[in-house]
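Asker: Chains as they are written, first to last, in our numbering: chain A, 1 to 542; chain B, 1 to 1031. A virtual CB, placed ideally from N, CA and C, is assigned to each residue, including glycine. Attaching a single structure in structure tokens format; questions to follow.
Structure (structure tokens):
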């Protein structure tokens, strides 16, 4: 009995106590995520790495939200409306500082793009496929991520000048100072675009449309040269894409280039793919920071809703831009450019579109506004609306909007692809290269070709060199209005301060643009976390 | 095991039989009358349980007896004799014998009984032998509180323990912070339930009627036995145990109503229209020019608030023999929230058994089961406050039937707060089963072995179906979100204890281990939309659906622990403990952490020289030092990131199909290890007048080292997801400290039929970041408008508020010119201005660094969300059958970020606003506290992070008042042994300067986003009528 008690009371407990000593139970592996060591070994896995690099194009500061605010407001294509809330409202009068969130986000996510590209390039070095199909894929993937890395540095060098250069995945977490010179960054840009041209195909099959093509890489390389004023090299690159094997042409319908129908346009050279499916797969608000997190699967942009006059109505078309559509023709008569009514809504005097809903089938979504302006809900459009009285400035966005097909968009989920480089832009850049090389008559047909598409009068001559520059710059302002191009143009032409202060004097009664605004401020967070970079920043700015 | 469960089930059946035959059992206590023989039963006044072993003596004689196992007694006494009933832990009662033959005696518990034992880690200790700093709250301190979280019960009861409700809705969360904030990853304490480590949800699954006491271990000598995860203190709940005797049945129930206690003053339609005109320079759309918008139609606060009903019923049953003790209870709670349209229902069932087998083996089983359903979505304050009052609630012509306002028509796109509430059906169901099993063997006299196992299993599911509607500028299709999850979490502990007294030396030793393996959790979230109609509310009926999230987690730990207590002559006490903990989170090299502690106490009153000072009944000096740990970090490895729900996607192809992406988005430090907290405690306990007045004063110094900090890495690294701003690496880098003083004082006594006991506690704590090591100071705590308002930096409290200091609203151009003149002379730059874009009517912020211009360098630390002062008081008064309990709680020297005023005073754009804005700056020369309307016209950034939004968060709250009456039942009823009715009022008043709804604010993470009020649901004012019956 005593023995039995001893066994049950001592032996068993001691056994139980020591049984717990197996420390292997602490070896737990994640069941949620793969480990880096075992991934990126096959073509589909590499494709995922490439896709993740593309996905940064949809992050904040870029094309799901913010790029349109940033560059339209900075360049005074757009002006604040009263609904524009919080920090974004600081862009239009240059009252932002290093903590401006959209600028931090842009900086951050361009470096995300670089990091993800570097990851793919680093892993690709270890990947030695033996099948020809895989070898081709590897070449294409490396071309795609080189393009994206080049694009990121292209944005960085234009906006911030000298920036940290990270070209190796292994150096990701190192504190990195800014490059020695702007030229070093430009060299990296040229090198990346050049490398990508070699790896990329001219076109893709139906399943892959939207990936960067050889044409896109050539156009961006040309742009990189143009922005550095290397006009001859730029011209030579741009000219390549006007000829075989490339088949780009202007979209006969200007409206369609900025509608959901633009996905298959032959004018598109590089665009950002946007798609919204439904609430089941995505969250409409993903562009407020839900990408890759709570935002579900979607690639849409908030632009149509945010700029839409019958929706969030956060910005209006700036009076300066509206005014630019009225100019004198070659006879000296007052002329209203036909692109006015394709770009904005306004009163008849402004040249903007005065009615909307040209192809709405019915007043489908109702609301009291429609009760006033379209009392018969079954009557098809168009409807006349007093746009001039709609806000204190009077002009509302039409380009990239849906109001010709829907009177009320009711969700920040635009499917309309964002144009990054289109053929009309390239034609105008060719004209610019030629003008800058004083080949004015060569430049003329390129400008006229773009104007002919919208039915604008044809120039017979560009006049003097200065006249030609003015015409070209004006043409770019009208053709590319609201496409986030003008800021880069004004800065590289060196006329940002003068132009914008003149425009803001009329709009705001002040001239807020200072010399430092030519570059964006280095983000505050970068400065507090990257001590290697802080010493050479002057005036808390750049 | 099989056998054990079977026998348990049989016992449960027996319990039910017992309940059914209650009356016959009572018949068993049939009493016989004899002329000089008095019989009766002694029960406890608090829960009517019978008390065995009560000493009954005829005063002045040695004649006496004791009660039997059922509390019954019989004694021969003559008329005029005085019977003394005494029992340890209860106040002695005297009864003069008249001509009774039966007596029902209810002894009142002595709350401040000296020999009270306190539950500590892996054991109990007599209160007078406590070495550490341990707070205790018992049923008598809680009173009748409609607590859906047991954590709420200790609010204001224990010094240095801050309890904050994170929502005024029933079932809402509670955060507890012990002695400030000593971690950068989690400051939640460890929860221990009946001796086994658990968590907050297990703790909250216990009905308040089943709780005997809650102990909070604060010092290292007490907590270090739980080493890992005890760095933030340990909260121990002890449930009521059955006592042997006949079956006892108790019923507790109440009915109550809850109401909001505050409404904000918002503009009427006329004032709102004036604001809109101001913002838009009178450019109004047609609707705002019509008479329609001048009429007030809706008070939106009245629409979203409501008076809520609360009910609770609890039935308990217990009893047993000297071999088996049994217990069963069930509690049903049904509470409406004071916000449209929230309801919370809960049922808790608890079964407990304890068996003695022979003289050496004791077994116990307890099962706690909780099932709750919460339903209804809640309306949003920010929506309700921003809606114009001219808008009606309903509009039958609008999709969904609720009125909307839009940017185009109203210049205001606020959502109607009732649309999403009334057009939705939400239910969350959660069941939690928590079993504890133990066996305790007495191997030799003094040597015991205990093995205890706990398993908790939870299943949860929820769905939220929303009907299609048009609200604000949006059209929302119908949709459903569903989620399903479960977890299982077993824990096995084994330990030996040995206790021995040899002469003046007594000691006890504890050695054991803890083994947690097989813990795992899985969950999945799905979403569906585009239903053809609203009939089927399941994702299975949705034409479009997707998986939106989910997770799998596994975790394990392994620990060894030991403790020795030594007492010399009952005067000098020593305790020493050691724990070695291993966690799966860390790499093999750093996996284990060692956590030792030592404590000393000197009971001076036991010294012979103290005999000459009889008024000092207790005098004890105590001190301790120890190290505890914290490992609340995720598993560190280089992972492939595909998005939260495989949603790194980009569109390719003619159909723009989403194509999956994958990348690496994090970097990790393979060398991270345990956070360690080193804590020194010194205290003195004094008892005067036979311990009627007790005073306890303690000082502590907690130093938190190797704090796991997400050290930000530059944005230019590219590391991190889009939501990381910037990316970060978890490193052991920061050091923080919390120092403070805690005072507990109590006074109790009686005067005739009047009984009183008054307790008060107060704690002072200073929190400071000592060092951030490799990490730079960082800002988190984002609020509306994208501002980051908290900053964690060396020398300041964790998560302090940071921003500009308001000077005044610029009166006119001359006012601004004077500032620009200063800027010019200070900088020497003739073009310098004080601040770009500054216009009359904008706020002028102070140039704190005196460089003449306003820059980011003029930001400063504005306040801390961690209160320096915590205090509470409990007053218990009794007069004859009446009892009154008051409980007060408060904090002071604390700040709250009133983010709601961003909307109510910010006038960012046309939104309905607070009436204070009526007196805003409107034209040159106006002197006003509030800037001009329409901030964005000039992007003047009047809404930047500044003390404009910061308020004093101090408050003093009458947490509860209860007035009870014990209805005398003498001779009335033999079935009912006691009957008490009570009324309780909760939160009847709150003294505070805070302008929002309620200063009791948690914030999102209680660390770096602490004390930010984004419209947290306020604590309601509650009135209850309750009854307690014992059979």
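Please report the straight-line C-alpha distance between residue 923 of chain B and residue 838 of chain B, rounded to a whole angstrom.
Answerer: Your numbering for residue 923 of chain B matches position 923 in the second chain. Your numbering for residue 838 of chain B matches position 838 in the second chain. Those two C-alpha atoms are separated by around 15 Å.
Asker: Between which two residues does the beta strand (DSSP E) harbouring residue 204 of chain B extend?
Answerer: By one-based count along the second chain, residue 204 of chain B stands at place 204. No beta strand (DSSP E) holds residue 204 of chain B; the alpha helix (DSSP H) holding it covers 200–204.
Asker: Helix, strand or coil for residue 906 of chain B, going by three-state DSSP, please let me know.
Answerer: Here residue 906 of chain B is taken as the residue at index 906 of the second chain, counted from 1. Coil, per DSSP.
Asker: Name the chain B residues that come within less than 7 Å of residue 523 of chain A, Cβ to Cβ?
Answerer: Here the question's residue 523 of chain A lines up with position 523 in the first chain. Within chain B, the residues near residue 523 of chain A are 715.
Asker: Taking the alpha-carbon positions, what's the residue 210 of chain A to residue 116 of chain A distance?
Answerer: Indexing the first chain from 1 puts residue 210 of chain A at position 210. Indexing the first chain from 1 puts residue 116 of chain A at position 116. Their Cα atoms are separated by approximately 19 Å.
Asker: Could you confirm whether any beta carbon from chain B is found closer than 8 Å to the beta carbon of residue 491 of chain A?
Answerer: Within the first chain, the letter at position 491 stands for residue 491 of chain A. For residue 491 of chain A, the answer is no, since every Cβ of chain B falls outside 8 Å of its Cβ.
Asker: Starting from residue 555 of chain B, find everything on chain A with Cβ-Cβ shorter than 9 Å and list it in chain order.
Answerer: Within the second chain, residue 555 of chain B is the residue found at index 555, counting from 1. Within chain A, the residues near residue 555 of chain B are 28.
Asker: Which two residues bound the contiguous beta strand (DSSP E) that contains residue 465 of chain B?
Answerer: Taking the first residue of the second chain as 1, we reach residue 465 of chain B at position 465. Looking at the DSSP string, the run of the beta strand (DSSP E) that includes residue 465 of chain B is 447–466.
Asker: Are the region 340–357 of chain B and the region 368–375 of chain B in contact at 8 Å, needing three or more beta carbon pairs?
Answerer: Yes: at least three Cβ pairs fall under 8 Å.
Asker: If you count every other CB in all the chains shown that lies within 10 Å of the CB of residue 501 of chain B, and 16 or more means buried, which is it?
Answerer: The residue you call residue 501 of chain B lines up with position 501 of the second chain. Residue 501 of chain B should be labelled exposed.
Asker: Run through chain A and tell me which residues come within less than 9 Å of residue 577 of chain B, C-beta to C-beta.
Answerer: Within the second chain, residue 577 of chain B is the residue found at index 577, counting from 1. Going along chain A, no residue has its Cβ under 9 Å from residue 577 of chain B, so there is no contact; the nearest lies around 17 Å.
Asker: In this structure, what does DSSP give as the bridge partners for residue 712 of chain B?
Answerer: Residue mapping note: residue 712 of chain B aligns to position 712 of the second chain, counting from 1. For residue 712 of chain B, which the question treats as bridged, DSSP gives the partners B:728.
Asker: Just the chain A side, please: which residues come within less than 7 Å of residue 660 of chain B by C-beta, in chain order?
Answerer: Residue numbering aside, residue 660 of chain B sits at position 660 when the second chain is read from its first letter. By Cβ distance, chain A contributes 48, 51.
Asker: Mind checking residue 469 of chain B: buried by the 16 CB within 10 Å criterion, or exposed?
Answerer: Translated into the one-based positions of the second chain, residue 469 of chain B becomes position 469. The residue is buried, with at least 16 neighbouring Cβ atoms inside 10 Å.
Asker: Please decide whether residue 83 of chain A counts as near chain B, where near means a Cβ-Cβ distance under 8 Å.
Answerer: The sequence position of residue 83 of chain A within the first chain is 83, counting from 1. Answer yes: the Cβ-Cβ gap between residue 83 of chain A and chain B drops below 8 Å somewhere.
Asker: Could you tell me which residues DSSP puts in a beta bridge with residue 995 of chain B?
Answerer: Locating residue 995 of chain B in the second chain gives position 995, counting from the first residue. Answer is none; residue 995 of chain B lacks a bridge partner.
Asker: Measuring alpha carbon to alpha carbon, tell me which of A:60, A:130, A:147 ends up nearest residue 51 of chain A.
Answerer: The count along the first chain starts at 1 and reaches residue 51 of chain A at position 51. Per the Cα distances, A:147.
Asker: CA-CA distance, residue 216 of chain A and residue 269 of chain A?
Answerer: Position 216 of the first chain, counted from the first residue, corresponds to residue 216 of chain A. Position 269 of the first chain, counted from the first residue, corresponds to residue 269 of chain A. Spanning the two alpha carbons is a distance of roughly 5 Å.
Asker: How many angstroms separate the CA atom of residue 540 of chain B from the CA atom of residue 524 of chain B?
Answerer: Position 540 of the second chain, counted from the start, is the residue given in the question as residue 540 of chain B. Position 524 of the second chain, counted from the start, is the residue given in the question as residue 524 of chain B. So the two alpha carbons sit approximately 15 Å from each other.
Asker: Check the C-beta distance from residue 898 of chain B over to residue 951 of chain B and give it rounded, since I have them as a contact under 8 Å.
Answerer: Taking the second chain and counting its residues from 1, the one referred to as residue 898 of chain B is at position 898. Taking the second chain and counting its residues from 1, the one referred to as residue 951 of chain B is at position 951. Indeed, because the Cβ distance is near 5 Å, the residues count as touching under 8 Å.
Asker: Flag this pair as yes or no: are the beta carbons of residue 273 of chain B and residue 294 of chain B separated by less than 8 Å?
Answerer: Here residue 273 of chain B is taken as the residue at index 273 of the second chain, counted from 1. Here residue 294 of chain B is taken as the residue at index 294 of the second chain, counted from 1. The answer is yes: Cβ separation under 8 Å.
Asker: Hey, out of B:455, B:791, B:964, B:195, whose CA is closest to residue 121 of chain B's CA?
Answerer: By one-based count along the second chain, residue 121 of chain B stands at place 121. For residue 121 of chain B, the nearest C-alpha among the options comes from B:195.
Asker: Give me the residue from B:258, B:344, B:856 with the minimum Cα distance to residue 309 of chain B.
Answerer: Taking the second chain and counting its residues from 1, one reaches residue 309 of chain B at position 309. Looking at the Cα atoms, B:258 is the closest of the given residues.
Asker: So residue 201 of chain A contacts chain B; which residues on that side make the cut at Cβ distance below 8 Å?
Answerer: Position 201 of the first chain holds residue 201 of chain A. Within chain B, no residue comes near residue 201 of chain A; the closest Cβ sits about 14 Å away, beyond 8 Å.
Asker: Using a Cβ cut-off of 9 Å, pull out every chain A residue sitting near residue 931 of chain B, in sequence order please.
Answerer: To locate residue 931 of chain B, count along the second chain from 1; it is residue 931. Under the 9 Å cutoff, chain A gives no residues; its nearest Cβ is about 15 Å from residue 931 of chain B.
Asker: Flag residue 210 of chain B as yes if its beta-carbon sits less than 8 Å from any beta-carbon of chain A, otherwise no.
Answerer: Position 210 of the second chain, counted from the start, is the residue given in the question as residue 210 of chain B. Judged by the 8 Å Cβ criterion, residue 210 of chain B is not in contact with chain A.
Asker: Could you please tell me which residues of the region 225–239 of chain A, in chain order, have their CB closer than 9 Å to any CB of chain B?
Answerer: Listed by position along the chain: nothing, the set is empty.
Asker: Taking all protein chains shown into account, decide if residue 162 of chain A is buried (16 or more other Cβ within 10 angstroms of its Cβ) or exposed.
Answerer: As a position in the first chain, residue 162 of chain A is number 162, starting the count at 1. Counting Cβ neighbours within 10 Å, residue 162 of chain A comes out buried, since at least 16 surround it.
Asker: Unbroken beta strand (DSSP E) runs of length 3 or more, entirely within the region 73–131 of chain A: which are they?
Answerer: You should have 78–80.
Asker: May I ask you to report which of helix, strand or coil DSSP gives residue 154 of chain B?
Answerer: In the second chain, residue 154 of chain B corresponds to position 154, counting from 1. Residue state, collapsed to three classes: helix.
Asker: Can you name the residues that DSSP bridges to residue 136 of chain B?
Answerer: Within the second chain, residue 136 of chain B is the residue found at index 136, counting from 1. B:215, per the DSSP bridge assignment.
Asker: Do the region 885–894 of chain B and the region 766–773 of chain B make contact, defined as three or more Cβ pairs closer than 8 Å?
Answerer: Contact fails: fewer than three Cβ-Cβ distances are below 8 Å.
Asker: Determine, using beta carbons only, whether residue 310 of chain A comes closer than 8 Å to chain B.
Answerer: As a position in the first chain, residue 310 of chain A is number 310, starting the count at 1. Taking Cβ atoms only, chain B reaches closer than 8 Å to residue 310 of chain A, which makes this a yes.
Asker: Given this structure, state the Cα-to-Cα distance separating residue 878 of chain B from residue 585 of chain B, to the nearest angstrom.
Answerer: Here residue 878 of chain B refers to the residue found at position 878 of the second chain. Here residue 585 of chain B refers to the residue found at position 585 of the second chain. Those two C-alpha atoms are separated by around 53 Å.
Asker: Listed from N- to C-terminal order along the chain, which residues in the region 639–652 of chain B have their beta-carbon within a distance smaller than 8 Å of any beta-carbon of chain A?
Answerer: Going along the region 639–652 of chain B in chain order, one finds 639, 640, 641, 642, 643, 644, 645, 646, 647, 648, 649, 650, 651, 652 with a Cβ nearer than 8 Å to chain A.
Asker: Run down chain A in chain order and give the residues with a C-beta less than 8 Å from the C-beta of residue 525 of chain B.
Answerer: In the second chain, residue 525 of chain B corresponds to position 525, counting from 1. Residues of chain A passing the Cβ test: none, with the nearest at roughly 10 Å.
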